[in-house]
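**Student:** One structure is given below, represented as structure tokens, and several questions about it will come after.
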Amino acid sequence: MTATQYLADWRPYPFEIDETRLEFHLHPTATRVLSQIDFRRTAPGDLVLDGAGLRTLSLSVDGQPIDPALIHEADERLTIPDLPDRFTFSAEVEIDPQANTALEGLYLSGGMFCTQCEAQGFRHITWYPDRPDVMAPFRVTIHSDQPVLLSNGNPVEQAPGRAVWVDPWKKPAYLFALVAGDLRAVSDHFTTMSGRDVALNVWVRPGDEGRAGYAMESLIRSMRWDETAYGREYDLDVFNIVAVDDFNMGAMENKGLNIFNSKLVLATAETATDGDYERIEGVIGHEYFHNWTGNRITCRDWFQLCLKEGLTVFRDQQFTSDMRSAAVKRIHDVQTLRARQFREDSGPLSHPPRPDHYQEINNFYTATVYEKGAEVIGMLKRLVGDDGYAKALDLYFTRHDGQACTIEDWIAVFQDATGRDLTQFKRWYTDAGTPRLTMTEDWQDGTLVLNFRQDIAPTPGQSEKPPRVIPIAIGLIGPNGDEVLPTTVLEMTEAQQSFRFDGLGARPVVSLLRGFSAPVTVTREITANEQALLLAHDSDAYARWQAGHDLALDELTRRATGAAGSRALVQALGGVLDDAERDPAFAALCLALPGEEEIATTLAARGTPPDPDAIHAARHALLSEIAEAHQTAFARLYEAMAPQGPYRPDAEGAARRSLRLACLANLSRRDGGARAEALFASAGNMTERQGALEQLIALGRDAQALADFEAEFRDNRLVMDKWFMVQPLRAAPDQAVARARALAQRPDFDWKNPNRFRSLISGLTANHAAFHAADGSGYDFLADWLIRLDPVNPQTTARMCSAFETISRYDATRQARAKAVLARIAALPGLSRNTAEMVTRILA
Ligand code: ARG
Ligand code: ZN
Numbered sequence: 001m002t003a004t005q006y007l008a009d010w011r012p013y014p015f016e017i018d019e020t021r022l023e024f025h026l027h028p029t030a031t032r033v034l035s036q037i038d039f040r041r042t043a044p045g046d047l048v049l050d051g052a053g054l055r056t057l058s059l060s061v062d063g064q065p066i067d068p069a070l071i072h073e074a075d076e077r078l079t080i081p082d083l084p085d086r087f088t089f090s091a092e093v094e095i096d097p098q099a100n101t102a103l104e105g106l107y108l109s110g111g112m113f114c115t116q117c118e119a120q121g122f123r124h125i126t127w128y129p130d131r132p133d134v135m136a137p138f139r140v141t142i143h144s145d146q147p148v149l150l151s152n153g154n155p156v157e158q159a160p161g162r163a164v165w166v167d168p169w170k171k172p173a174y175l176f177a178l179v180a181g182d183l184r185a186v187s188d189h190f191t192t193m194s195g196r197d198v199a200l201n202v203w204v205r206p207g208d209e210g211r212a213g214y215a216m217e218s219l220i221r222s223m224r225w226d227e228t229a230y231g232r233e234y235d236l237d238v239f240n241i242v243a244v245d246d247f248n249m250g251a252m253e254n255k256g257l258n259i260f261n262s263k264l265v266l267a268t269a270e271t272a273t274d275g276d277y278e279r280i281e282g283v284i285g286h287e288y289f290h291n292w293t294g295n296r297i298t299c300r301d302w303f304q305l306c307l308k309e310g311l312t313v314f315r316d317q318q319f320t321s322d323m324r325s326a327a328v329k330r331i332h333d334v335q336t337l338r339a340r341q342f343r344e345d346s347g348p349l350s351h352p353p354r355p356d357h358y359q360e361i362n363n364f365y366t367a368t369v370y371e372k373g374a375e376v377i378g379m380l381k382r383l384v385g386d387d388g389y390a391k392a393l394d395l396y397f398t399r400h401d402g403q404a405c406t407i408e409d410w411i412a413v414f415q416d417a418t419g420r421d422l423t424q425f426k427r428w429y430t431d432a433g434t435p436r437l438t439m440t441e442d443w444q445d446g447t448l449v450l451n452f453r454q455d456i457a458p459t460p461g462q463s464e465k466p467p468r469v470i471p472i473a474i475g476l477i478g479p480n481g482d483e484v485l486p487t488t489v490l491e492m493t494e495a496q497q498s499f500r501f502d503g504l505g506a507r508p509v510v511s512l513l514r515g516f517s518a519p520v521t522v523t524r525e526i527t528a529n530e531q532a533l534l535l536a537h538d539s540d541a542y543a544r545w546q547a548g549h550d551l552a553l554d555e556l557t558r559r560a561t562g563a564a565g566s567r568a569l570v571q572a573l574g575g576v577l578d579d580a581e582r583d584p585a586f587a588a589l590c591l592a593l594p595g596e597e598e599i600a601t602t603l604a605a606r607g608t609p610p611d612p613d614a615i616h617a618a619r620h621a622l623l624s625e626i627a628e629a630h631q632t633a634f635a636r637l638y639e640a641m642a643p644q645g646p647y648r649p650d651a652e653g654a655a656r657r658s659l660r661l662a663c664l665a666n667l668s669r670r671d672g673g674a675r676a677e678a679l680f681a682s683a684g685n686m687t688e689r690q691g692a693l694e695q696l697i698a699l700g701r702d703a704q705a706l707a708d709f710e711a712e713f714r715d716n717r718l719v720m721d722k723w724f725m726v727q728p729l730r731a732a733p734d735q736a737v738a739r740a741r742a743l744a745q746r747p748d749f750d751w752k753n754p755n756r757f758r759s760l761i762s763g764l765t766a767n768h769a770a771f772h773a774a775d776g777s778g779y780d781f782l783a784d785w786l787i788r789l790d791p792v793n794p795q796t797t798a799r800m801c802s803a804f805e806t807i808s809r810y811d812a813t814r815q816a817r818a819k820a821v822l823a824r825i826a827a828l829p830g831l832s833r834n835t836a837e838m839v840t841r842i843l844a
């Protein structure tokens with residue numbers, strides 16, 4: 001089954017399902033699944049069911065065994081012709097959860113049964129129309145001696161060895177879930193806006209109860225927020241969250257039974273960082289928000305994935321902004337978008353937020369579908385205004401509740417609610433590629449003319465790139481730092497377009513793309529002095545940060561290509577440090593210079609093949625100059641940002657810790673690691689401990705700290721994942737590969753666990769100069785492990801192939817080495833469809 005699937009080939013399913021009844025007899029190696037599905041015909045056609053890896057014991061229609069001669073079975077499909085208008089299809093199959101290392105369908109994680117059905121996992125459980133536009137109410141009976149038995153919906157019977165769950169809301173099979181294991185609940189409840197009481201449980205392994213409190217608080221905040229921000233209420237009597245250790249992705253929004261990677265549930269101050277806490281809150285919100293944007297209204301087909309994911313990411317971003325700092329959240333989101341989505345969009349894996357073909361849908365759970373999908377909604381909101389957005393969303397929920405929808409439905413709702421023609425806007429969904437926006441300025445007698453041009457480079461399969469509508473938010477800052485024009489949104493619709501501003505006194509500096517109003521790259525002429533002016537005075541926090549970031553990026557790219565350095569950045573950071581106590585998070589963001597990968601990206605975009613070693617050296621040298629120039633300020637702020645009272649995982653505390661660690665990084669360049677050692681030994685929270693450990697690794701003074709860390713956390717998998725990750729990530733580039741190889745030999749490198757695998761391997765691939773080592777050792781290391789993992793877990797293997805998506809940027813030697821290892825992977829007999837598709841696209 002390597003055939004390409006096309007959006008254009010979608011056809012309605014000729015049956016509806018009135019009810020799906022499932023009965024599970026759980027057994028680690030021989031689980032029996034009995035199904036009864038009540039079909040009702042809505043159009044002529046055969047019954048087509050999906051199934052993969054099933055041992056079929058019986059198939060019948062209305063109690064009569066189906067004549068095997070009638071069944072056509074091919075390509076994991078069963079086709080049964082000549083069926084009546086109403087009938088009950090029954091199947092009995094046997095499956096082997098223990099052998100399921102791909103973690104798709106029903107599998108075992110640490111002795112507990114759990115499921116992952118999105119996108120096409122249900123077909124590994126039983127024969128079914130495994131497509132999102134076939135929705136049904138489910139009744140599920142579980143037979144098992146496991147103490148806790150869970151499925152979707154409400155519990156209707158619970159007895160030892162048996163449980164029955166009924167989900168009255170119709171849903172596609174990808175939202176099915178089942179969990180059975182020895183679990184303990186952290187429980188609470190929530191009263192919805194219409195006064196219904198909902199029982200809430202976060203289920204964890206015995207002993208982990210003390211680590212689930214933050215997840216529960218986050219769930220309650222999410223439920224309240226969706227009521228106030230979107231008027232959306234929860235619709236079942238119970239909401240269950242289960243933490244599992246073996247999980248391919250972050251979490252899954254199964255109706256009433258969300259299943260989470262345990263790293264997105266379990267947290268204590270001693271074991272989780274500020275970043276972990278923020279992600280837990282954000283992902284708990286994300287999965288909860290899917291109840292309306294994903295479950296009540298789902299996708300017609302998998303090409304529409306961004307309909308639910310882009311919108312739900314947008315909603316979780318709004319939630320985090322409201323719970324924490326909107327400015328910091330926006331800057332973080334822009335950083336992630338650039339690092340992951342712009343990267344994807346500028347290489348061989350580029351695709352539109354709504355792709356029109358794929359081989360393996362699991363390869364399209366991408367930054368483009370998720371993060372760019374969210375940016376597109378942010379632009380839409382900016383174009384139609386907050387009121388227009390609210391009206392459109394209300395219409396979406398009333399018009400489409402209970403339906404499986406498309407991007408066309410989504411756009412129609414905005415057109416109908418606001419009267420705006422969105423024909424051109426739709427290109428953001430259907431076209432791939434990141435527009436490059438170029439701005440030039442003409443200034444004369446108090447009149448400023450801004451000339452914009454948009455260019456979009458060809459992407460795989462799309463050479464024609466008509467112009468898009470781009471909302472460009474700008475402000476104008478006078479030479480003394482005053483704002484002479486508050487935020488104004490220019491709507492660019494042509495390939496080239498000018499906008500004119502009259503009656504200005506002195507020539508202002510343009511604060512461009514405020515709030516990052518569109519996912520584009522920017523080319524403009526600006527001096528270091530003007531950047532410093534924006535960094536000091538812009539009223540838009542994002543634009544202020546971006547000005548400093550651009551200043552740093554210019555400095556770093558110059559130095560990385562052998563040009564002499566300037567003092568402009570070092571001086572501008574002095575101003576940031578003077579002001580740091582007022583906004584510690586902002587100062588910390590400015591001190592975190594662009595990473596090596598971003599410098600490489602910037603050079604490549606200008607047509608210069610990046611030299612990873614030169615980039616590393618240039619960045620290192622600039623950081624040392626900054627550390628030297630501002631040592632007094634760093635020492636002062638390091639003390640000023642010391643903890644005040646017990647750890648709290650809130651935005652204020654996280655801001656202080658982020659600045660403190662930024663100071664530590666600078667101080668460590670001069671004190672030989674003394675402060676980092678002291679902090680590592682004394683800190684009571686993981687944020688500071690991990691921060692200190694990372695400095696010690698970078699300095700090569702880590703032996704004792706690593707041993708202490710291991711002794712303390714040996715039995716905590718999630719914390720040991722950090723230990724595996726930070727070593728290859730922070731080690732000097734010429735040592736990181738050897739270190740990763742040594743770590744991979746350890747008995748506790750449990751590589752079949754996706755978290756552990758990713759920690760070590762992506763720790764290395766994120767160390768830019770190490771992964772791109774000129775001798776190809778980084779590429780070889782990754783390829784060896786991808787080859788080993790592919791037969792065990794194709795999904796996780798395929799995702800990690802994207803480490804190679806940037807190879808065409810580098811010099812001929814590196815390219816040849818990377819292509820050789822990719823060819824080695826491509827040639828493997830029995831390579832999974834997932835990995836084969838990724839490697840083929842990268843090599844194309
Ligand atoms: N819908 C889930 C989320 O939004 C992602 C699940 C994807 N899983 C997969 N195997 N493709 O977080
Ligand atoms: Zn999602």
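Heads up, the sequence shown is in UniProt numbering, so the first residue is 1 and it goes up one at a time.
Every residue gets a Cβ at the ideal spot worked out from N, C-alpha and C, and that includes glycine.
1) Taking residue 850 as the reference, give the member of 511, 503, 60, 367 with the closest Cα.
2) Within the continuous beta strand (DSSP E) that includes residue 496, where are the two ends?
3) For residue 25, which residues does DSSP report across the bridge?
4) State the Cα-Cα distance for the pair residue 688 and residue 677, rounded to the nearest angstrom.
5) Give the straight-line distance between the Cα atoms of residue 542 and residue 499, rounded to the nearest whole angstrom.
6) Check the C-beta distance from residue 697 over to residue 726 and give it rounded, since I have them as a contact under 8 Å.
7) Quick check on residue 156: buried or exposed, where buried means 16 or more other Cβ atoms within 10 Å of its Cβ?
8) Rounded C-beta distance between residue 5 and residue 358? I'm assuming under 8 Å.
9) DSSP state of residue 728, grouped into three classes?
10) Helix, strand or coil for residue 459? Go by DSSP, reduced to three states.
11) For ligand 1, I want to know if residue 119 counts as a neighbour, meaning its beta carbon is within less than 7 Å of at least one of the ligand's heavy atoms.
12) Just tell me which of 295, 454, 459, 378 has its CA closest to the CA of residue 355.
13) By Cβ distance, which residues of its chain are closer than 6 Å to residue 178, with the 5 residues on each side in sequence left out?
14) Just to confirm the assignment, what range does the beta strand (DSSP E) spanning residue 754 have?
15) Which runs of the alpha helix (DSSP H) spanning at least 4 residues fall entirely within the stretch 609-654, listed in chain order?
16) Apply the 10 Å Cβ neighbour rule to residue 226 and answer buried if 16 or more other Cβ atoms are within range, or exposed otherwise.
17) Just the C-alpha distance for residue 601 and residue 563, rounded to the nearest angstrom, thanks.
18) Taking a contact to mean a Cβ-Cβ separation below 8 Å, would you say residue 16 touches residue 795 in this structure?
19) Consult DSSP for residue 181 and reduce its assignment to one of helix, strand or coil.
20) Shorter than 7 Å, the distance from the beta carbon of residue 286 to the closest heavy atom of ligand 3, or not?
21) Please say whether residue 35 and residue 846 have beta carbons closer to each other than 8 Å?
22) Just checking residue 312 against ligand 2 - is the residue's beta carbon closer than 7 Å to any of the ligand's heavy atoms?
23) Quick one: is the Cβ of residue 250 within less than 7 Å of any heavy atom of ligand 1?
24) Determine the direct distance from the alpha carbon of residue 746 to that of residue 681, and round the result to whole angstroms.
25) Helix or strand or just coil, what does DSSP make of residue 712?
26) I'd like the span of the beta strand (DSSP E) that includes residue 443, first residue to last.
27) Starting from the C-beta of residue 809, find all residues in its chain whose C-beta is less than 7 Å away, skip the five residues before and the five after it, and write them out in chain order.
28) Taking the beta carbon of residue 434 as the centre, do at least 16 other beta carbons fall within 10 Å, making it buried, or is it exposed?
29) Kindly confirm or deny that the stretch 240-259 and the stretch 739-759 touch, where touching means at least three C-beta pairs closer than 8 Å.
30) Shortest alpha-carbon distance to residue 489 belongs to which of 478, 467, 516?
31) Do residue 291 and residue 240 come within 8 Å of each other at the CB atom, strictly closer than that value?
32) Return the Cβ separation of residue 85 and residue 40 in integer angstroms, given the expectation that the two are a contact with Cβ distance under 8 Å.
33) From residue 223 to residue 641, what does the alpha carbon distance come to, in whole angstroms?
34) Runs of 3 residues minimum, wholly inside the stretch 230-314: which ones carry the beta strand (DSSP E) assignment?
35) Can you have a look at residue 72 and say buried or exposed, based on whether 16 or more other CB atoms are within 10 angstroms of its CB?
36) Please confirm whether residue 686 and residue 215 have their CB atoms less than 8 Å apart.
**Tutor:** According to the data block:
1) Residue 850 falls outside the range modelled here, since the chain spans only 1 to 844, and no answer is possible.
2) Mapped onto the sequence shown, residue 496 falls at position 496. It spans 496-501 - the beta strand (DSSP E) in which residue 496 sits, taken as one unbroken run.
3) Along the sequence shown, one-based indexing puts residue 25 at 25. Beta-bridge pairing by DSSP links residue 25 to 32, 143.
4) Within the sequence shown, numbered from 1, the residue matching residue 688 stands at position 688. Within the sequence shown, numbered from 1, the residue matching residue 677 stands at position 677. Cα-Cα distance, rounded: 11 Å.
5) Here the question's residue 542 lines up with position 542 in the sequence shown. Here the question's residue 499 lines up with position 499 in the sequence shown. Rounded to whole angstroms, residue 542 to residue 499 spans 23 Å at the Cα level.
6) Translated into the one-based positions of the sequence shown, residue 697 becomes position 697. Translated into the one-based positions of the sequence shown, residue 726 becomes position 726. Contact flag correct, Cβ pair sits at about 6 Å.
7) By one-based count along the sequence shown, residue 156 stands at place 156. Residue environment for residue 156: exposed (fewer than 16 other C-beta atoms within 10 angstroms of its C-beta).
8) Locating residue 5 in the sequence shown gives position 5, where the first residue counts as 1. Locating residue 358 in the sequence shown gives position 358, where the first residue counts as 1. With a beta-carbon spacing of about 6 Å, residue 5 and residue 358 fall inside the 8 Å limit used to define contacts.
9) Locating residue 728 in the sequence shown gives position 728, counting from the first residue. Note: residue 728 maps to helix in three-state DSSP.
10) The residue given as residue 459 occupies position 459 in the sequence shown. The answer is strand: DSSP assigns residue 459 an E or B state.
11) Taking the sequence shown and counting its residues from 1, the one referred to as residue 119 is at position 119. Yes, the beta carbon of residue 119 sits closer than 7 Å to at least one heavy atom of ligand 1.
12) Taking the first residue of the sequence shown as position 1, residue 355 is located at position 355. Nearest option by C-alpha distance: 459.
13) As a working mapping, residue 178 is identified with position 178 in the sequence shown. Short of 6 Å from the beta carbon of residue 178, and not among the five residues preceding or following it, lie these beta carbons of its own chain, in chain order: 115, 151.
14) Counting from one through the sequence shown, the residue named residue 754 turns up at place 754. It is not in any beta strand (DSSP E) - residue 754 instead sits in the alpha helix (DSSP H) that spans 754-765.
15) Segments of the alpha helix (DSSP H) lying fully in the stretch 609-654: 612-629, 631-640.
16) Locating residue 226 in the sequence shown gives position 226, where the first residue counts as 1. By the Cβ neighbour-count rule, residue 226 is buried, with 16 or more other Cβ atoms within 10 Å of its own.
17) On the sequence shown, position 601 is the one that residue 601 refers to. On the sequence shown, position 563 is the one that residue 563 refers to. One C-alpha to the other measures close to 18 Å.
18) Taking the sequence shown and counting its residues from 1, one reaches residue 16 at position 16. Taking the sequence shown and counting its residues from 1, one reaches residue 795 at position 795. Pairing residue 16 with residue 795 gives a Cβ-Cβ distance that is not under 8 Å.
19) Reading the sequence shown from its first residue, position 181 is the one you call residue 181. Three-state DSSP puts residue 181 in a strand.
20) Looking for ligand 3 in the displayed structure turns up nothing; the ligands present are ligand 1 and ligand 2.
21) Within the shown structure, residues of the chain are numbered from 1 to 844, placing residue 846 beyond reach of any answer.
22) Residue numbering aside, residue 312 sits at position 312 when the sequence shown is read from its first letter. Because some heavy atom of ligand 2 lies under 7 Å away, the Cβ of residue 312 counts as near it: yes.
23) Translated into positions along the sequence shown, residue 250 becomes position 250. Yes, the Cβ of residue 250 comes within 7 Å of a heavy atom of ligand 1.
24) Along the sequence shown, one-based indexing puts residue 681 at 681. Along the sequence shown, one-based indexing puts residue 746 at 746. Answer to the nearest angstrom: the Cα atoms are 25 Å apart.
25) The count along the sequence shown starts at 1 and reaches residue 712 at position 712. Residue state, collapsed to three classes: helix.
26) Taking the first residue of the sequence shown as position 1, residue 443 is located at position 443. For residue 443, the enclosing beta strand (DSSP E) stretches over residues 436-444.
27) Taking the sequence shown and counting its residues from 1, one reaches residue 809 at position 809. Around residue 809: 600, 604, 609, 610.
28) Taking the first residue of the sequence shown as position 1, residue 434 is located at position 434. By the neighbour-count rule (16 or more Cβ atoms within 10 Å), residue 434 is buried.
29) Contact holds: three or more Cβ-Cβ distances are below 8 Å.
30) Stepping through the sequence shown from its first residue, residue 489 is reached at position 489. For the residues 478, 467, 516, the minimum Cα distance to residue 489 belongs to 516.
31) For the purposes of this step, residue 240 is taken as residue 240 along the sequence shown, with counting starting at 1. For the purposes of this step, residue 291 is taken as residue 291 along the sequence shown, with counting starting at 1. In this structure, residue 291 does not lie closer than 8 Å to residue 240 by Cβ.
32) Here residue 85 corresponds to residue number 85 of the sequence shown, with the count starting at 1. Here residue 40 corresponds to residue number 40 of the sequence shown, with the count starting at 1. Indeed, because the Cβ distance is near 7 Å, the residues count as touching under 8 Å.
33) Along the sequence shown, read from residue 1 onward, the residue named residue 223 stands at position 223. Along the sequence shown, read from residue 1 onward, the residue named residue 641 stands at position 641. Answer to the nearest angstrom: the Cα atoms are 34 Å apart.
34) If one requires a minimum length of 3 residues, the beta strand (DSSP E) runs lying completely within the stretch 230-314 are 238-244, 257-261, in chain order.
35) Indexing the sequence shown from 1 puts residue 72 at position 72. Residue 72 comes out exposed.
36) Locating residue 686 in the sequence shown gives position 686, counting from the first residue. Locating residue 215 in the sequence shown gives position 215, counting from the first residue. Not a contact, by the Cβ cut-off of 8 Å.
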